[in-house]
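**Q**
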Amino acid sequence: AGKQVVLASDAHPKMIGQLSEKLVNRFVSGMVVKIDTPDLQTRCQICRQYATTTMRKHISEGVIRYIAENLRTNVRELEGALLKLTAFASLQNEKINLAMAREVLAEHLERCDPIAHISDIESAVATYFGLTPANIHSSKKDRTVAMARHFSMYLARKHTKMSSSEVGRFMGNKNHATVLFACKKVEDLLKQNAQLHWHGPAGNKIAKARTILTNLEESISG
Numbered sequence: 007a008g009k010q011v012v013l014a015s016d017a018h019p020k021m022i023g024q025l026s027e028k029l030v031n032r033f034v035s036g037m038v039v040k041i042d043t044p045d046l047q048t049r050c051q052i053c054r055q056y057a058t059t060t061m062r063k064h065i066s067e068g069v070i071r072y073i074a075e076n077l078r079t080n081v082r083e084l085e086g087a088l089l090k091l092t093a094f095a096s097l098q099n100e101k102i103n104l105a106m107a108r109e110v111l112a113e114h115l116e117r118c119d120p121i122a123h124i125s126d127i128e129s130a131v132a133t134y135f136g137l138t139p140a141n142i143h144s145s146k147k148d149r150t151v152a153m154a155r156h157f158s159m160y161l162a163r164k165h166t167k168m169s170s171s172e173v174g175r176f177m178g179n180k181n182h183a184t185v186l187f188a189c190k191k192v193e194d195l196l197k198q199n200a201q202l203h204w205h206g207p208a209g210n211k212i213a214k215a216r217t218i219l220t221n222l223e224e225s226i227s228g
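Final position of the sequence shown in the working numbering is 228; the numbers increase by one with none missing.
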């Protein structure tokens with residue numbers, strides 16, 4: 007009793023669908039702070055620190071900066087790139103240099119550079135269907151929520167480099183089979199250009215599947 011509790015999450019408490027309303031209210035009554043992605047200088051320092059302290063390796067400033075400039079999302083990506091690079095250098099018995107970094111990390115950098123961010127996709131879909139991201143994260147199965155969830159998962163697989171398992175984890179810890187089912191469901195609807203019905207804040211809505219997809223993709227890209 008009387009102790010401070012610090013919690014970290016990749017979403018605002020109100021966007022975590024599994025939390026009860028009582029817990030959400032308790033969390034937001036305290037201090038809720040958004041932690042932005044690290045800037046270039048911070049990313050460089052993280053790489054230096056990880057290389058010298060954890061890996062006990064000396065990596066040139068040029069390589070450090072190359073990694074930091076190309077990986078902007080989170081610390082785990084930086085650490086993963088350094089681990090991959092040092093493992094390759096060790097196997098080849100060669101010294102790490104910029105040319106090696108460009109060659110070895112080309113695929114890694116491509117994977118970590120999504121066309122769109124999953125949170126932007128989810129927000130666009132939630133807005134379109136008159137919902138919140140928390141609704142999509144939840145276990146609710148009514149027509150509107152299920153439709154929004156299916157389109158969110160489909161668009162995330164189409165427009166990001168995330169795996170089905172990663173998409174599922176982001177959207178309320180759903181398993182990869184749920185994501186595969188959602189993608190197949192949307193693909194079938196698009197093939198048929200089915201007419202879809204849902205209930206929004208302004209009442210009942212009707213639109214063709216391909217029209218919905220076009221509107222959502224324009225919203226994401228815009």
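All residues carry an ideal CB built from backbone N, CA and C; glycine is no exception. Computed from a predicted structure; not experimentally measured.
Mind checking who Lys211 pairs with in its DSSP beta bridge?
**A** In the sequence shown, residue 211 corresponds to position 205, counting from 1. DSSP output for Lys211 lists Trp204 as bridge partner(s).
**Q** Determine the contact status of Thr43 and Lys63, defining contact as a CB-CB distance below 7 Å.
**A** Taking the first residue of the sequence shown as position 1, residue 43 is located at position 37. Taking the first residue of the sequence shown as position 1, residue 63 is located at position 57. Result no, Cβ atoms of Thr43 and Lys63 do not sit closer than 7 Å.
**Q** Output the distance between the C-alpha atoms of His205 and Ala130, rounded to the nearest integer angstrom.
**A** Here residue 205 refers to the residue found at position 199 when the sequence shown is read from its first residue. Here residue 130 refers to the residue found at position 124 when the sequence shown is read from its first residue. Using only the alpha carbons, I get a separation of about 17 Å.
**Q** Measure the alpha-carbon distance for Lys28 versus Ser35 and round it to whole angstroms.
**A** Locating residue 28 in the sequence shown gives position 22, where the first residue counts as 1. Locating residue 35 in the sequence shown gives position 29, where the first residue counts as 1. Distance between the alpha carbons of Lys28 and Ser35: 11 Å.
**Q** Could you spell out where the alpha helix (DSSP H) holding Val12 opens and where it closes?
**A** Position 6 of the sequence shown, counting from 1, holds the residue named residue 12. Val12 -> no alpha helix (DSSP H), and no H or E assigned at all.
**Q** Does Met37 pass the burial test, meaning 16 or more other C-beta atoms within 10 Å, or should it be called exposed?
**A** Locating residue 37 in the sequence shown gives position 31, counting from the first residue. So Met37 ends up on the exposed side.
**Q** Pull up the distance between the alpha-carbon of Ser158 and that of Ala74, whole angstroms please.
**A** One-based indexing of the sequence shown puts residue 158 at position 152. One-based indexing of the sequence shown puts residue 74 at position 68. The straight-line gap from Cα to Cα measures roughly 30 Å.
**Q** Give me the Cα-Cα distance between Tyr72 and Arg163, rounded to the nearest whole angstrom.
**A** Here residue 72 refers to the residue found at position 66 of the sequence shown. Here residue 163 refers to the residue found at position 157 of the sequence shown. Their Cα atoms are separated by approximately 28 Å.
**Q** Go to Gly86, then tell me how far its alpha helix (DSSP H) extends in each direction, as first and last residue.
**A** For the purposes of this step, residue 86 is taken as residue 80 along the sequence shown, with counting starting at 1. Its alpha helix (DSSP H) spans residues Val81 to Gln98.
**Q** Taking the alpha carbon of Leu115 as the reference point, which residue from Ser125, Thr133 and Gly86 has its own alpha carbon closest?
**A** Your numbering for residue 115 matches position 109 in the sequence shown. When only C-alpha atoms are compared, the closest one is Gly86.
**Q** Cα-Cα, which of Ser169, Met153, Ser26 and Lys147 is closest to Leu192?
**A** For the purposes of this step, residue 192 is identified with residue 186 of the sequence shown, where counting begins at 1. In the sequence on display, residue 192 carries Val and not Leu. Comparing Cα positions, the closest option is Met153.
**Q** Going along the chain, which unbroken runs of the beta strand (DSSP E) with 3 or more residues stay wholly within the stretch 41–80?
**A** None, since the stretch 41–80 contains no complete beta strand (DSSP E) of that length.
**Q** Count the other C-beta atoms from every protein chain shown that fall within 10 angstroms of the C-beta of Asn141, then say buried if there are 16 or more, exposed otherwise.
**A** In the sequence shown, the residue the question calls residue 141 occupies position 135. When all chains shown are included, Asn141 counts as buried.
**Q** For Cys53, I'd like the list of residues in its chain whose CB is within less than 7 Å of its CB, leaving aside the five on either flank, ordered along the chain.
**A** Taking the sequence shown and counting its residues from 1, the one referred to as residue 53 is at position 47. Counting only Cβ-Cβ distances below 7 Å, and skipping sequence neighbours, we find Ile70, Ile73, Ala74, Leu84 and Leu88.
**Q** Classify Ala105: buried if its beta carbon has 16 or more other beta carbons within 10 angstroms, exposed otherwise.
**A** Translated into positions along the sequence shown, residue 105 becomes position 99. Ala105 is exposed by the Cβ-count criterion.
**Q** Note down the Cα distance separating Ser96 from Gly68, rounded to an integer number of angstroms.
**A** Translated into the one-based positions of the sequence shown, residue 96 becomes position 90. Translated into the one-based positions of the sequence shown, residue 68 becomes position 62. When rounded, the distance between both Cα atoms is 19 Å.
**Q** With Asp126 as the anchor, note down where its alpha helix (DSSP H) starts and where it stops.
**A** Locating residue 126 in the sequence shown gives position 120, where the first residue counts as 1. Where Asp126 is concerned, the enclosing alpha helix (DSSP H) stretches over Ile124 to Tyr134.
**Q** From this set, Phe135, Asn103, Asn80 and Cys189, which residue's C-alpha is nearest His123's C-alpha?
**A** For the purposes of this step, residue 123 is taken as the residue at position 117 of the sequence shown. When each option's Cα is compared against that of His123, the closest is Asn80.
**Q** Where Thr48 and Asp194 are concerned, what is the direct C-alpha to C-alpha distance, given to the nearest angstrom?
**A** Your numbering for residue 48 matches position 42 in the sequence shown. Your numbering for residue 194 matches position 188 in the sequence shown. Using only the alpha carbons, I get a separation of about 45 Å.
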